[in-house]
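All remarks here apply to the structure that follows.
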Amino acid sequence: MTSARPPSAPVPPGSAGASAASLARARRRASAARFWRRYREQRAGLFGLAGLALVALLALGAPLLVGADVQSVTDAPGTALQAPSAEFPLGTDQFGRPLLGLLVWGARISLTVGLLAAALSVAIGALAGILAGHYGGWFATVVMRITDWFLVMPALVLAIVLATVMSRSVWTVILAIGVTSWPTTARLVRAQTIAVESRPYIERARALGGGHGHVMTRHVLPNVLPLVLAQTTLGISTAILTEATLAFLGLGDPTVVSWGGMLQDAREAGAVSSGHWWYLAPPGLAIAFVALAFTLCGRAIETVLNPKLGVSR
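If you're matching positions, the sequence shown starts at 0 in numbering that gives the first Met the number 0 and goes up one per residue.
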């Protein structure tokens, strides 16, 4: 005689998908918490992050802190090339505009150009690297030869050429920097893609019917994202320096205020020969500070994501 079993409770439709989604969210939260815990151990990275947070807050609050009229040449509150004083802590430019206000307002353009140009550069490099590493053969050969050509040619010279032949605007500078600085990322991502696709679970995914798109998006991309993230952070500082160089050469947008444009204005005003150090020092130090902060953050992220780079404690 067999005992009757109680009927099992029906599984509500969609519960399996919901539990899988909640498990994925829990794993992402745990991964983010683990990343932040390891990042806090990097003192240099914390210093860079704090500096970037301060500059970002100043850039976002520029309309409230200094107002948009600080860029006006006709309504300048001071006289030309005043030395630092209580009224103008950093002095004035050749038009009588306060350099402190211009420095705060210029952070918006410099950070925007750096972020967007680095994102464009890394996106192009990551796409080229993943495709070349995945497909291989003649396609990889063509992509790598193009990459080598861009590596041989100086990126700054190519950016100057593009900025010269195109209209002078912020978007031209972003495009010029983005399309000339991607080869390093492409080579790194290609090497990482080849290493990932040599692992056994990639063969199992293909045996189960996974196509090219599934392998690249579900398996390769998540494994190269840490490298892409670190490369993006490091590339922002390079993009900011390149934007400052283009603006200093007079190839930036003359209608906006940026740190490189301030240096170019100081050169035109003869600040170097006349000894007006307060015109040159603030934008130069701001560029160096932000570039250093992004570099420190990038190195810290790279150390956290790659345990081999960490120093044993």
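The beta-carbon is built from N, C-alpha and C at its ideal position, and this holds for glycine as well. Predicted model only: the values in this text are computed from it and were never measured.
1) Excluding the 5 residues preceding and the 5 following Gly113 in the sequence, name in chain order all residues of the same chain whose CB lies nearer than 7 Å to its CB.
2) What is the rounded straight-line gap between the Cα of Arg4 and the Cα of Ser18?
3) Under the three-state reduction of DSSP, which class applies to Thr91: helix, strand or coil?
4) Between the beta-carbon of Val64 and the beta-carbon of Val103, is there less than 8 Å?
5) Looking at C-beta atoms only, is the number of pairs between the stretch 290-308 and the stretch 203-218 that lie closer than 8 Å three or more?
6) Would the beta-carbon of Ser109 fall within 8 Å of that of Ser180?
7) Count the other CB atoms, across all protein chains shown, that sit within 10 Å of the CB of Pro253; report buried if there are 16 or more and exposed otherwise.
8) Name the DSSP beta bridge partners of Pro97, please?
9) In this structure, how does DSSP classify Ala75 when only helix, strand and coil are distinguished?
10) Suppose contacts are defined by Cβ-Cβ distances below 8 Å. Is Tyr38 in contact with Ala270 by that definition?
11) Distance check for Leu262 and Asn305, CA to CA, integer angstroms please.
12) Please classify Trp170 as buried or exposed, where buried requires at least 16 neighbouring CB atoms within 10 angstroms.
13) Once the 5 residues before and after Pro182 are set aside, which same chain residues still bring their CB inside 8 Å of it?
14) Using three-state DSSP, classify Leu248 as helix, strand or coil.
15) Helix, strand or coil for Leu80? Go by DSSP, reduced to three states.
16) Rounded to the nearest angstrom, what separates Asp92 and Gly136 at their Cα positions?
17) For Pro199, does the count of other Cβ atoms within 10 angstroms reach 16, so buried, or fall short, so exposed?
18) Between which two residues does the alpha helix (DSSP H) harbouring Val178 extend?
19) With Ala106 and Leu57 assumed to form a contact (beta carbons below 8 Å), what rounded beta-carbon distance in angstroms separates them?
20) For the putative contact between Trp277 and Leu101, defined by C-beta atoms under 8 Å, what is the C-beta separation to the nearest angstrom?
21) Looking only at its chain, what residues have a beta carbon closer than 7 Å to the beta carbon of Ala158, apart from the 5 residues adjacent to it on each side?
22) State the start and end residues of the unbroken alpha helix (DSSP H) segment that holds Asp264.
23) Quick check on DSSP: helix, strand or coil for Gln41?
In short:
1) Locating residue 113 in the sequence shown gives position 114, counting from the first residue. The residues are Ile235, Ala238, Ile239, Glu242.
2) As a working mapping, residue 4 is identified with position 5 in the sequence shown. As a working mapping, residue 18 is identified with position 19 in the sequence shown. Because the pLDDT of Arg4 is 47, which lies under 50, any placement of that residue in the model is unreliable, and the number read from its coordinates should be weighed accordingly. Rounded to whole angstroms, Arg4 to Ser18 spans 27 Å at the Cα level.
3) The count along the sequence shown starts at 1 and reaches residue 91 at position 92. Note: Thr91 maps to strand in three-state DSSP.
4) In the sequence shown, counting from the first residue as 1, residue 64 sits at position 65. In the sequence shown, counting from the first residue as 1, residue 103 sits at position 104. For the sequence presented, residue 64 should be read as Leu rather than Val. Yes, these two residues count as a Cβ contact at 8 Å.
5) Taking 8 Å as the limit for Cβ pairs, the verdict is that the stretch 203-218 does not touch the stretch 290-308.
6) Numbered from its first residue, the sequence shown carries residue 109 at position 110. Numbered from its first residue, the sequence shown carries residue 180 at position 181. No, they are not a contact pair.
7) Start at 1 with the first residue of the sequence shown, and residue 253 comes out as number 254. Pro253 should be labelled exposed.
8) Mapped onto the sequence shown, residue 97 falls at position 98. Answer by DSSP bridge pairing, in chain order: Thr91.
9) Numbered from its first residue, the sequence shown carries residue 75 at position 76. Ala75 falls in the coil class under three-state DSSP.
10) The sequence position of residue 38 within the sequence shown is 39, counting from 1. The sequence position of residue 270 within the sequence shown is 271, counting from 1. It is not a contact, given that the beta carbons lie outside the stated cut-off.
11) Within the sequence shown, residue 305 is the residue found at index 306, counting from 1. Within the sequence shown, residue 262 is the residue found at index 263, counting from 1. Distance between the alpha carbons of Asn305 and Leu262 is about 38 Å.
12) For this step, residue 170 is matched to residue 171 along the sequence shown. Exposed, since its Cβ has fewer than 16 Cβ neighbours within 10 Å.
13) Counted from its first residue, the sequence shown places residue 182 at position 183. Only Gly124, Thr146, Asp147, Phe149, Leu150 meet the Cβ criterion.
14) By one-based count along the sequence shown, residue 248 stands at place 249. Three-state result, Leu248: coil.
15) Sequence index remark: in the sequence shown, residue 80 carries index 81 (1-based). The answer is coil: DSSP assigns Leu80 none of H, G, I, E or B.
16) Position 93 of the sequence shown, counting from 1, holds the residue named residue 92. Position 137 of the sequence shown, counting from 1, holds the residue named residue 136. Cα to Cα, Asp92 sits roughly 57 Å from Gly136.
17) To locate residue 199, count along the sequence shown from 1; it is residue 200. Pro199 is exposed by the Cβ-count criterion.
18) What you label residue 178 is simply residue 179 of the sequence shown in a count that begins at 1. Here Val178 belongs to no alpha helix (DSSP H), and DSSP marks it neither H nor E.
19) Stepping through the sequence shown from its first residue, residue 106 is reached at position 107. Stepping through the sequence shown from its first residue, residue 57 is reached at position 58. Confirmed, Cβ separation roughly 6 Å.
20) The residue you call residue 277 lines up with position 278 of the sequence shown. The residue you call residue 101 lines up with position 102 of the sequence shown. Trp277 to Leu101, Cβ: 12 Å. No contact.
21) Locating residue 158 in the sequence shown gives position 159, where the first residue counts as 1. Ala175, Ile176, Thr179, Thr241, Leu245.
22) For the purposes of this step, residue 264 is identified with residue 265 of the sequence shown, where counting begins at 1. Where Asp264 is concerned, the enclosing alpha helix (DSSP H) stretches over 258-267.
23) Here residue 41 refers to the residue found at position 42 when the sequence shown is read from its first residue. Note: Gln41 maps to coil in three-state DSSP.
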